[in-house]
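Participant: My questions will all concern the structure given below.
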Amino acid sequence: MAALLRGLRVGRALRGFGSGEPRLATCPQCNGLRRGFHCAALRLQEDKDKSIPVPPSSAASSTTTYHEHYQAHPSKNNTATHMQEAPAPEAGAKEAPQPNTSYADQSGEQGEEYETEEQLQAHILNAALDFVQLHGWTLEAISAGAETLGLSAASSGMFQNGAGDLVLHFIAQCNAQLTEQMAEQHNQVQLGQAEPKKTAEFLRDAVETRLRMLTPYMDNWPQAMSILLLPHNIPDSLKHLSTLVDDIWYYAGDRSTDLNWYTKRAALTGIYNTTELVMIQDSSEDFQDTWNFLENRIQDIVNMAGAAKQAASTGEAVAQGLLGAAVTLKNLTGINQRR
Amino acid sequence: MAASIRLLARRIVRDAFRTINSSVSVRIVSSSCPSNLSACRCFSDGAADKSTHFGFETVSEGEKAERVYKVFESVAQKYDVMNDAMSLGVHRLWKDMLLHVMNPQPGIRLLDVAGGTGDISLRFLNYVRSQQERVARRTARANQTPSWQEISTSYTTPTEGIEMETEARESRAVVCDINKEMLKVGKQKAESMGVSSGLSWVVGDAEELPFDDDQFDVYTIAFGIRNVTHIDLALQEAVRVLKPGGRFMCLEFSKVTNPLLARLYDAYSFQMIPVLGEVIAGDWKSYQYLVESIRKFPDQETFKQMIEDAGLFSVRYHNLTGGVVALHSGFKL
Chain A
0 MAALLRGLRV GRALRGFGSG EPRLATCPQC NGLRRGFHCA ALRLQEDKDK
50 SIPVPPSSAA SSTTTYHEHY QAHPSKNNTA THMQEAPAPE AGAKEAPQPN
100 TSYADQSGEQ GEEYETEEQL QAHILNAALD FVQLHGWTLE AISAGAETLG
150 LSAASSGMFQ NGAGDLVLHF IAQCNAQLTE QMAEQHNQVQ LGQAEPKKTA
200 EFLRDAVETR LRMLTPYMDN WPQAMSILLL PHNIPDSLKH LSTLVDDIWY
250 YAGDRSTDLN WYTKRAALTG IYNTTELVMI QDSSEDFQDT WNFLENRIQD
300 IVNMAGAAKQ AASTGEAVAQ GLLGAAVTLK NLTGINQRR
Chain B
0 MAASIRLLAR RIVRDAFRTI NSSVSVRIVS SSCPSNLSAC RCFSDGAADK
50 STHFGFETVS EGEKAERVYK VFESVAQKYD VMNDAMSLGV HRLWKDMLLH
100 VMNPQPGIRL LDVAGGTGDI SLRFLNYVRS QQERVARRTA RANQTPSWQE
150 ISTSYTTPTE GIEMETEARE SRAVVCDINK EMLKVGKQKA ESMGVSSGLS
200 WVVGDAEELP FDDDQFDVYT IAFGIRNVTH IDLALQEAVR VLKPGGRFMC
250 LEFSKVTNPL LARLYDAYSF QMIPVLGEVI AGDWKSYQYL VESIRKFPDQ
300 ETFKQMIEDA GLFSVRYHNL TGGVVALHSG FKL
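One line per chain: the protein sequences are A and B, in this order. Just so you know, the first sequence maps onto residues 0 to 338 in numbering that gives the first Met the number 0. Just so you know, the second sequence maps onto residues 0 to 332 in numbering that gives the first Met the number 0.
Below, the structure is given as structure tokens:
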């Protein structure tokens, strides 16, 4: 029975050679690597070809994000863009492994595997986002996502943090998208093509843009928030939140180097978290209540900042007044005069 | 007088036979010796001449497979009882841990190599069944308060698509073992547990599996890979039969990390286990082989390297019971 199957396999391999499919059996290592690249390359190609319905902007931004991340590895980027433009999937899949293997020769096997794995994991998580409405933020969504890429459902075992990986990946994606948009706006202002916004308006637009990215997943977002609050996820979720707030303030123009740095970020963190909570319970048309709430909170901060300044100046004026009164008193009583 | 003469005659005849036999055997040995040597020289680049370890003995590779077969043939009837006795029942926890790490989704196909008595496969089927029950309960609870829209759509649509999907995606487990006796014991166990659907029993060699490429979602080998003569061939076969994205999982005895625990473990292995084997199963040598083969198996890091060399990615291992057992897992990407 085994011999029969072996014969069938050999026959298939020979037929494969005839049709021009590369079937290298030089050594198990190379075979595994090439097969890995073949699988990964096919998945990347399918992913680019397939129109990902929800969310479309994040898919486009994810490729550019990866371009930013992997700028140190130009050959990888070339293969990604090359695959995007290649018309026939087979041609793309065949041509893609070749620059990969040359890169592998330069930097060794381990680095290449790691990058393919990370990219593959990111692709699986992107595909899994489509199933969040059906399965929630769970391992089942990841398995369903892996199956759409042609991988077995067992590959969801790669994600040791399970649903946490999916949520953190989504958050990182949203933050990267927002940072990109803010950087673009900043460039446009630099080039003089757009007017610079006032701080309050900028903050409001940034937080609104970021929260609007959650609207497709609003039904399951409470589950995602609870996952982020799990003890083993808290360090990562806090890190994402703090970088988000820092980025928003940076592009709003904040360059403070004193205690203001902390107070501003703390204030914006508070605004963001409370607005998110309001958004979960919001049932108004297009979340209008949430945006009103956000507007009011930012106004509060602005008013408080203004009030703080006023209080400082009032305090200064009062202090000066008291000093003046003390000097006058001293003059009157004659202590100041030198006898 | 006649009796003593008869005895003498018998003794003479016996001695004569013995000398004849010995001379014949000597002649046979001497005649076969040169042919043996020539055969060895002929197979000098074949498997018959290469030697490997069988416990602490050194045997030829062809012989190892045969002797392993005999070991498991003799222990098959008392295999489960001996497992419980030797590990004080902890082997059940190890196998449960394997299933917990695997976390199988419904509809997955499992290949349990060296599955023997079917421990892993039966646990797998239980796990998937209880998961499906949990999902069914959850959907039933959710359907208890349907909204008006859901009720109206249920009137218009003919059948429930999701339910049919879960029915169609039935999980299947295939138990593959080289030893027919072990499979027989496993079949009896499954019948006594009342498990009939979703389980098949196949005789096969781990180094040359009788399955097509890209067939299985998960490949497990629990406490079997140290008995395989060529471990790298078994790993390559695993990579072949796994689907893309499939998972390879291996549960095997490994090196204990803590030195104190290692000394206790060694004492227990070499003093207690063969004695238990003799008392319960009446077989000292098989259990001597078992503990020796554990010492001969590569340690966690080396085995991880071997798995990576076979072409699997994202290879990780967990130590269970302080390193007594290691659970290795890799993915075919």
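All C-beta atoms in this analysis are idealised placements derived from N, C-alpha and C, irrespective of residue type, glycine included. Bear in mind that the values here come from a model prediction, so they are computed numbers and not experimental data.
Counting only beta-carbon separations shorter than 8 Å, does Met212 of chain A have a partner in chain B?
Facilitator: No, its Cβ sits nowhere closer than 8 Å to a Cβ of chain B.
Participant: Using the beta-carbon count (16 or more within 10 Å), is Ala324 of chain A buried or exposed?
Facilitator: By the neighbour-count rule (16 or more Cβ atoms within 10 Å), Ala324 of chain A is not buried but exposed.
Participant: Going straight from the alpha carbon of Thr144 of chain B to that of Asn259 of chain A, what length do you get?
Facilitator: Taking the straight line from one Cα to the other gives about 51 Å.
Participant: Going by DSSP in three states, Gly329 of chain B sits in which element: helix, strand or coil?
Facilitator: Here Gly329 of chain B sits in strand by DSSP.
Participant: With distances taken between CB atoms, is the gap from Ile170 of chain A to Ala145 of chain A smaller than 8 Å?
Facilitator: No.
Participant: So, is the C-beta of Asp176 of chain B closer than 8 Å to a C-beta in chain A?
Facilitator: No, because no Cβ of chain A sits closer than 8 Å to the Cβ of Asp176 of chain B.
Participant: Which whole-angstrom value is the C-beta distance of Leu326 of chain B and Val100 of chain B, which I expect to be below 8 Å?
Facilitator: Their Cβ separation, rounded to whole angstroms, is 6 Å, which keeps Leu326 of chain B and Val100 of chain B in contact under 8 Å.
Participant: Can you tell me whether Asp265 of chain B is buried or exposed, with buried defined as 16 or more other CB within 10 angstroms of its CB?
Facilitator: Looking at its Cβ environment, which holds fewer than 16 other Cβ atoms inside 10 Å, Asp265 of chain B is exposed.
Participant: Going along the chain, which unbroken runs of the beta strand (DSSP E) with 3 or more residues stay wholly within the stretch 56-102 of chain B?
Facilitator: Here the runs fully enclosed are 56-59.
Participant: Classify Pro230 of chain A: buried if its beta carbon has 16 or more other beta carbons within 10 angstroms, exposed otherwise.
Facilitator: Exposed, because fewer than 16 other Cβ atoms sit within 10 Å of the Cβ of Pro230 of chain A.
Participant: Against Glu275 of chain A, what residues of chain B qualify as contacts under a CB-to-CB distance less than 9 Å, listed in chain order?
Facilitator: Those do not exist, as Glu275 of chain A stays about 25 Å from chain B at its closest Cβ, beyond 9 Å.
Participant: Output needed in chain order: residues of the stretch 145-162 of chain A with a Cβ under 9 Å from some Cβ in chain B.
Facilitator: Here the close residues are Ala145, Glu146, Leu148, Gly149, Leu150, Ser151, Ala152, Ala153, Ser154, Ser155, Gly156, Met157, Gln159 and Gly161.
Participant: Should Tyr216 of chain A be labelled buried (16 or more other beta-carbon atoms within 10 Å of its own) or exposed?
Facilitator: Buried: at least 16 other Cβ atoms inside 10 Å.
Participant: Do you know how far the Cα of Tyr288 of chain B is from the Cα of Lys183 of chain B?
Facilitator: Computed Cα separation, rounded: 23 Å.
Participant: Quick check on the DSSP output: the alpha helix (DSSP H) that includes Val274 of chain B runs from which residue to which?
Facilitator: Its alpha helix (DSSP H) spans residues Ile272 to Leu275.
Participant: From the DSSP secondary-structure annotation, give me the bridge partner or partners of Arg317 of chain B.
Facilitator: It should be pointed out that residue 317 of chain B corresponds to His in this sequence rather than to Arg. B:Leu326, per the DSSP bridge assignment.
Participant: Should Lys242 of chain B be labelled buried (16 or more other beta-carbon atoms within 10 Å of its own) or exposed?
Facilitator: So Lys242 of chain B ends up on the buried side.
Participant: Answer with buried or exposed for Tyr250 of chain A, where buried requires no fewer than 16 other C-beta atoms within 10 angstroms of its C-beta.
Facilitator: Classification for Tyr250 of chain A: buried.
Participant: Apply the 10 Å Cβ neighbour rule to Gln159 of chain A and answer buried if 16 or more other Cβ atoms are within range, or exposed otherwise.
Facilitator: Exposed, since its Cβ has fewer than 16 Cβ neighbours within 10 Å.
Participant: List the residues of chain B whose Cβ lies closer than 7 Å to the Cβ of Leu119 of chain A, in chain order.
Facilitator: Under the 7 Å cutoff, chain B gives Leu332.
Participant: Have a look at B:Lys69, B:Asp95 and B:Lys331 and flag the residue whose alpha-carbon is nearest the alpha-carbon of Val217 of chain B.
Facilitator: The residue with the shortest Cα to Cα distance from Val217 of chain B is B:Lys331.
Participant: Ignore the nearest five residues each way along the sequence and tell me which others in Leu234 of chain B's own chain have a CB closer than 7 Å to its CB.
Facilitator: So the list reads Met305, Ile306 and Ala309, once near-sequence residues are dropped.
Participant: Quick one: what does DSSP say Val53 of chain A is sitting in, helix, strand or coil?
Facilitator: Reliability fails at Val53 of chain A, whose pLDDT of 42 lies under 50, so the model's placement of it is uncertain and no value is given.
Participant: In angstroms, rounded to a whole number, what distance separates the CA positions of Ser142 of chain A and Ser155 of chain A?
Facilitator: Roughly 5 Å between the two C-alpha positions.
Participant: Do Val201 of chain B and Val174 of chain B have their C-beta atoms within less than 8 Å of each other?
Facilitator: Cβ distance < 8 Å, so Val201 of chain B and Val174 of chain B count as in contact.
Participant: With a threshold of 8 Å between beta-carbons, can Val217 of chain B be considered close to chain A, or not?
Facilitator: True, the Cβ-Cβ gap to chain A drops below 8 Å.
Participant: Per the DSSP calculation, Ile220 of chain B is bridged to which residue(s)?
Facilitator: In DSSP, Ile220 of chain B forms a bridge with B:Val112 and B:Cys249.
Participant: Can you tell me which of the three DSSP states Glu84 of chain A falls into?
Facilitator: A caution first: Glu84 of chain A carries a pLDDT of 41, below 50, which makes its placement in the model too unreliable to give a value.
Participant: Helix, strand or coil for His122 of chain A? Go by DSSP, reduced to three states.
Facilitator: In this structure, His122 of chain A counts as helix in the three-state DSSP scheme.
Participant: Who are the neighbours of Gln104 of chain B on chain A, taking C-beta pairs under 8 Å?
Facilitator: The answer, in chain order, is Leu138, Glu139, Ser142, Ala152, Ala153 and Ser155.
Participant: Give the single residue among B:Gln214, B:Phe247, B:Phe312 and B:Asp79 whose Cα lies nearest to the Cα of Thr115 of chain A.
Facilitator: When only C-alpha atoms are compared, the closest one is B:Phe312.
Participant: CA-CA distance, Gln222 of chain A and Leu263 of chain B?
Facilitator: Spanning the two alpha carbons is a distance of roughly 47 Å.
Participant: For Ala205 of chain A, report the span of its alpha helix (DSSP H) as first-last.
Facilitator: Where Ala205 of chain A is concerned, the enclosing alpha helix (DSSP H) stretches over Thr198 to Arg211.
Participant: For Thr51 of chain B, which residues does DSSP report across the bridge?
Facilitator: Answer is B:Val58, bridged to Thr51 of chain B.
Participant: In chain A, which residues lie with their C-beta within 8 Å of the C-beta of Ile107 of chain B?
Facilitator: In chain order: Ser151, Ala152 and Ala153.
Participant: For Ala246 of chain B, go through chain A and note every residue whose CB falls closer than 8 Å to its CB, in chain order.
Facilitator: The identity of residue 246 of chain B in the sequence shown is Arg, whereas the question assumes Ala. Here the neighbours are Ser151, Ala153, Ser154 and Gly156.
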